[in-house]
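In the numbering used here, the protein residues as written are 9 to 163.
Here you go:
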């Protein structure tokens, strides 16, 4: 299958990102993870465009299958947020491609490191981050309260 990763640039792109965010929230709830905050789910595509430094959407054969975003934390640090790939897109390298595009974007924006927070129970995500050489760190300023595992990637 042909997959593409594109930078969200338009409100229509952010509407697709938002739809994937809603699906991600459903996934989190189904598997007993802490859901995405309601305030973020209720944001308009325009508000999401302002929330993130960059957001990316992955598609397979023109169907949206995944998303990821970068959030500004400080002049040196961006946070990887909302990595999600729908079931139909998994095991095809899309998560890896999304992370790599986000890391490239962070470098382009002048960040020196990218951090993330997750739960240790989210084993597939943790394995992917480790495979991509993210290293465990202590909690960072701005981390979500529900996260218990913190990682960074130095650019």
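A virtual CB, placed ideally from N, CA and C, is assigned to each residue, including glycine.
Quick one, which of 98, 43, 109 has its alpha-carbon nearest residue 88's?
-> Here the question's residue 88 lines up with position 80 in the chain shown. With distances taken between Cα atoms, residue 88 lies closest to 109.
Identify whether residue 150 lies in helix, strand or coil by the three-state DSSP scheme.
-> The sequence position of residue 150 within the chain shown is 142, counting from 1. Here residue 150 sits in coil by DSSP.
Rounded to whole angstroms, what's the CA-CA distance from residue 12 to residue 157? Just pull it up for me.
-> Stepping through the chain shown from its first residue, residue 12 is reached at position 4. Stepping through the chain shown from its first residue, residue 157 is reached at position 149. Taking the straight line from one Cα to the other gives about 30 Å.
Nearest CA to the CA of residue 118: which residue from 34, 61, 155, 32?
-> Your numbering for residue 118 matches position 110 in the chain shown. Per the Cα distances, 61.
Bounding residues of the beta strand (DSSP E) (the contiguous stretch that carries residue 87) | Within the chain shown, numbered from 1, the residue matching residue 87 stands at position 79. From DSSP, the beta strand (DSSP E) with residue 87 extends over 85-93.
Determine, using beta carbons only, whether residue 29 and residue 90 come nearer to each other than 8 Å.
-> If you number the chain shown from 1, residue 29 lands on position 21. If you number the chain shown from 1, residue 90 lands on position 82. In this structure, residue 29 sits near residue 90, with a CB-CB distance shorter than 8 Å.
Stretch pair the region 13-33 + the region 48-61: three plus CB contacts closer than 8 Å = The region 13-33 makes contact with the region 48-61; the number of CB pairs closer than 8 Å reaches 3 or more.
So, using beta-carbon positions, are residue 86 and residue 75 closer together than 8 Å?
-> Position 78 of the chain shown holds residue 86. Position 67 of the chain shown holds residue 75. The criterion of a C-beta distance shorter than 8 Å is not satisfied by residue 86 and residue 75.
Run through the region 104-137 for me and flag every whole beta strand (DSSP E) of 3 or more residues, listed as ranges in chain order.
-> Runs found: 121-126.
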